[in-house]
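Single-structure report; data block below.
2 protein chains.
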Amino acid sequence: MAPIKFSIEKELVNPTGRQLGRAGTLETPHGVIHTPAFVAVGTKATVKALTPEQVKSTGAEVILANTYHLYLEPGAERIRSFGHRHDGVGLRPDAVGGLHKFMNWQGPTMTDSGGFQVFSLGVAYGKELSKITKITDPSQMIALRSLDSEVPRLANIGADGVSFRSHHDGSLHYITPEKSIEIQHDLGADIIFAFDECTSPAEDFRYQEEALERTHRWAKRSLDHHHSLIRANGGINKQALFGIVQGGREESLRKRSAEFMKGLDFDGFGIGGSFSKDDMETVVKWVNEILPKDKPRHLLGIGEPEDLFMGVENGVDLFDCVAPTRNGRGGTLYTSRGKINIRNAEFREDTGPVDIECGCDVCKNYSRAYLCHLYRAHEMLGGTLGSIHNLYFIINLVKNMRQAILDNTFIQFREKFLDKYF
Amino acid sequence: MAPIKFSIEKELVNPTGRQLGRAGTLETPHGVIHTPAFVAVGTKATVKALTPEQVKSTGAEVILANTYHLYLEPGAERIRSFGHRHDGVGLRPDAVGGLHKFMNWQGPTMTDSGGFQVFSLGVAYGKELSKITKITDPSQMIALRSLDSEVPRLANIGADGVSFRSHHDGSLHYITPEKSIEIQHDLGADIIFAFDECTSPAEDFRYQEEALERTHRWAKRSLDHHHSLIRANGGINKQALFGIVQGGREESLRKRSAEFMKGLDFDGFGIGGSFSKDDMETVVKWVNEILPKDKPRHLLGIGEPEDLFMGVENGVDLFDCVAPTRNGRGGTLYTSRGKINIRNAEFREDTGPVDIECGCDVCKNYSRAYLCHLYRAHEMLGGTLGSIHNLYFIINLVKNMRQAILDNTFIQFREKFLDKYF
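Residue numbers (this note's numbering), protein chains in the order written: chain A, 1 to 422; chain B, 1001 to 1422.
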């Protein structure tokens, strides 16, 4: 039996006749996620600069940690065998360890597959490639491609897996689909992902197709190994496995990938890739029109407000992105009237909250002037408060989208929000 | 009328016949401090890496901020005129501003006088001089003195005040006793300090005497200006002023200083200085035998467990020190069996709490292994959790000393603690 249960509560009423968006609930062994939902990123088993209590105060229901980072440090085995409980005297080893206990987060967790890190340490290493890459004309793509031979890579992709050097100490590692699944079983998150290759939007069709075939083989192997580990564990399974759709910006490949993944026994799906911003909506549409409606879909690594609206309207149920916390640590804060850099001199005497429409703990208790002071004085509390605010802002935005779907007011809500935001 | 009320609840029963230590309460306009108490240091209007809620969770009753730092950034006037309250819609300017509102700390606050910063930017600038300086023989003192001419200073002391360059931008500033009191009135803390000169233990008698006479003149001027500002404010006074006893390691000077301060209308006293560890106890004894018993005494900048015991036994009511939070950020954590460096490899798989006898939120919920991971991964949460634990540890230690005074078990408690700690 699947360890998660996904139920659609209501579907988006879209005046264009197209109907993709939906509000639902995703039950996991560690609690319910109300979808669409924004997942807080806790790369190294910590949402940067925040305690789990602070993460909870932002409304976050689920945290996504990174397989690649935790495999290297502190090591998946350490997290698996780790466990403690408080028995009134002190902490004692428990029978069962895992990510939840290690980081003291009681709610649902996810781990990614490590595929994106392979991309960012491989072809994207040292370049300006990220989850969203601005590509305006084909010559730019060729220029990006031509860099391949000039920049050293930390990762190399083979048919069976990826060999890479640790960004910590240069030690050599080899990750196969089986290895990725084993690591993720050790970490013990509620939702895990099949091992995939995230390609650069600058790659040509031939490479995209070759990479996609690899990703598909790896998906099958991830699934098979997941099942064999479950069998070895007496059939007990507490982890849902999501397959990841790839295929770059190519319609034929994206559709082929969605059809392929649909045919496998995954509990849900990720939509992966490093996107050109203009391509993202078409890609999400192609894919979600094919993926089975009754399983959850996670648009990986995307989190700016306009992209969240696009995703929700097109049937995405889950999002994650480092932007809220990364921006928060740097002083770029979300407001209902767009992003502001709180370090700017104009905020030094501004006794108002970061965002007058925001209900987060930071906006209730602190002024822009105080936050401006903290960032200028390089005080760690600035990054903490900024991250709390940003995470609340983005999580709450997606929650409001969910409510708007339930209320049949999604289109109006989107227009009102984006009009003010931009 | 004095804005604070100090009451002694119980005096320490000391088998040697000497009776100095005491447990009491210090009522301030923002709440009660149970003495002896350890004051959390919030240099730039933030206890580094902690929210006020987290500071409160450590048991802290009072925060000390730094006049020098806040004068430079964000500026005392900004804090004075700052104010906000939450009225359900957002934050609105209030009639009255000040440090409490700026940093969102509801409890008692203190500000120091800026005198220690004058010392650390002046004679101590670029040298290994701090609140505690290890001096083992006189030749070392001469060596320290001889450095004076070689190392550039940022501060220069004159008869009327101190001129110094900002460590931020090199801008020139001049602080007199009157200016220090004005800044501290702007900041609005419950307890403020007279402007003083903190001397190096390496200075000779002649310089110590000269500096002490200056400190005494400045104390008188601080007090006079405090009273004239109160008169100008229609007699309303919400701030207690403490005078600071100086005099280095010289018995005659320390006693002269205590007698002088005793004769002035201060609400309490600070014991200042940069100490050689061996000198500290004798200095505290000389001074506290003279200072009036019915007013609180604050040993400035001291906070290691053994020094806290010494201070409490010898009649100190208040302590402050950056050590718990500075150590916490660096990974040096206090335990009942001494300090540990949590980054050490031995803790990577240690599922126990930092200190099995500690009742803080960190020891209840996290393991040494997780903290070790956070510090090694350079995660900000490490510094936050380490600071919460250390602050709780030290604050709770002083609270336990207080209880031991009330229970007539101070000497036993000290022996038991120090036996295990060292």
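The beta-carbon is built from N, C-alpha and C at its ideal position, and this holds for glycine as well.
Only a predicted model underlies this, so the values are computations on that prediction, with no experimental measurement involved.
8 Å Cβ cutoff, residue i in contact with chain B
| i | result |
| --- | --- |
| THR109 (chain A) | no |
| THR67 (chain A) | no |
| ASP87 (chain A) | Summary for ASP87 (chain A): the model assigns pLDDT 46, below 50, so the residue's position carries little reliability; its value from the coordinates is reported in the next sentence. So, not an interface residue. |
| TYR366 (chain A) | yes |
| HIS373 (chain A) | yes |
| ARG254 (chain A) | no |
| LYS5 (chain A) | no |
| HIS44 (chain A) | Reading off the sequence shown, one finds Lys at residue 44 (chain A), where the question assumed His. Answer yes: the Cβ-Cβ gap between LYS44 (chain A) and chain B drops below 8 Å somewhere. |
| GLU182 (chain A) | no |
| GLU346 (chain A) | no |
| GLU415 (chain A) | no |
Buried versus exposed, by CB contacts within 10 Å (16 or more), residue i
| i | result |
| --- | --- |
| ASP169 (chain A) | exposed |
| ARG1018 (chain B) | exposed |
| VAL1039 (chain B) | buried |
| SER7 (chain A) | exposed |
| PRO1177 (chain B) | buried |
| VAL13 (chain A) | exposed |
| HIS378 (chain A) | exposed |
| LYS101 (chain A) | buried |
| PHE164 (chain A) | buried |
| SER367 (chain A) | buried |
| ASP94 (chain A) | With a pLDDT of 41 at ASP94 (chain A), under the threshold of 50, the predicted position of this residue should be treated as unreliable, and no value is reported. |
| PRO1015 (chain B) | exposed |
| GLN1239 (chain B) | buried |
| GLY235 (chain A) | exposed |
| TYR1174 (chain B) | exposed |
| SER1222 (chain B) | buried |
| THR1109 (chain B) | buried |
| SER387 (chain A) | buried |
| LEU257 (chain A) | The displayed chain sequence assigns Ser, not Leu, to residue 257 (chain A). Buried, by the Cβ-count rule. |
| THR51 (chain A) | buried |
Residue-level contact to chain A via CB, residue i, 8 Å cutoff
| i | result |
| --- | --- |
| LYS1074 (chain B) | Correcting the residue identity first, residue 1074 (chain B) is Pro in this sequence and not Lys. Yes - at least one Cβ of chain A is within 8 Å of the one on PRO1074 (chain B). |
| TYR1426 (chain B) | Past the edges of chain B, shown from 1001 to 1422, lies residue 1426 (chain B), and the structure says nothing about it. |
| LEU1154 (chain B) | no |
| LEU1050 (chain B) | yes |
8 Å contact criterion, which residue i and residue j should meet: CB distance rounded
| i | j | result |
| --- | --- | --- |
| GLU42 (chain A) | ALA65 (chain A) | Sequence inspection shows Gly at residue 42 (chain A); the Glu mentioned does not correspond to that position. Right, the Cβ-Cβ distance comes to about 5 Å (below 8 Å), so this counts as a contact. |
| SER274 (chain A) | CYS198 (chain A) | 6 Å |
| GLU1313 (chain B) | GLY1021 (chain B) | 5 Å |
| GLU9 (chain A) | LEU291 (chain A) | Wrong, their Cβ atoms sit about 19 Å apart, outside the cutoff. |
| LEU300 (chain A) | GLY272 (chain A) | 5 Å |
| ARG414 (chain A) | PHE309 (chain A) | 5 Å |
Contact list for residue i against chain B, beta-carbon separation under 8 Å
| i | result |
| --- | --- |
| HIS173 (chain A) | Ordered by position in chain B, no residue passes the 8 Å Cβ test against HIS173 (chain A), which lies about 17 Å from the chain. |
| ASN104 (chain A) | ASN1365, TYR1366 and TYR1370 |
Chain A contact residues for residue i, given Cβ-Cβ distances below 7 Å
| i | result |
| --- | --- |
| GLY1383 (chain B) | MET380 |
| ALA1377 (chain B) | LYS44 and GLU73 |
Proximal chain B residues relative to residue i, where beta-carbon distance stays under 9 Å
| i | result |
| --- | --- |
| ALA202 (chain A) | Those do not exist, as ALA202 (chain A) stays about 31 Å from chain B at its closest Cβ, beyond 9 Å. |
| ARG429 (chain A) | Outside the shown range of chain A (1 to 422) lies residue 429 (chain A), about which nothing can therefore be said. |
Does the region 1324-1338 of chain B come close enough to the region 1029-1037 of chain B to have 3 or more Cβ pairs within less than 8 Å? no
Sufficient close CB pairs (3 or more, under 8 Å) joining the region 390-407 of chain A to the region 1051-1064 of chain B: no
Kindly confirm or deny that the region 362-373 of chain A and the region 339-354 of chain A touch, where touching means at least three C-beta pairs closer than 8 Å. yes
Is the region 349-358 of chain A touching the region 313-320 of chain A, taking contact as three or more C-beta pairs under 8 Å? With the cut-off at 8 Å, the region 349-358 of chain A and the region 313-320 of chain A do not touch.
If contact is defined by three or more beta carbon pairs under 8 Å, each pair taking one atom from either stretch, is the region 225-232 of chain A in contact with the region 274-285 of chain A? no
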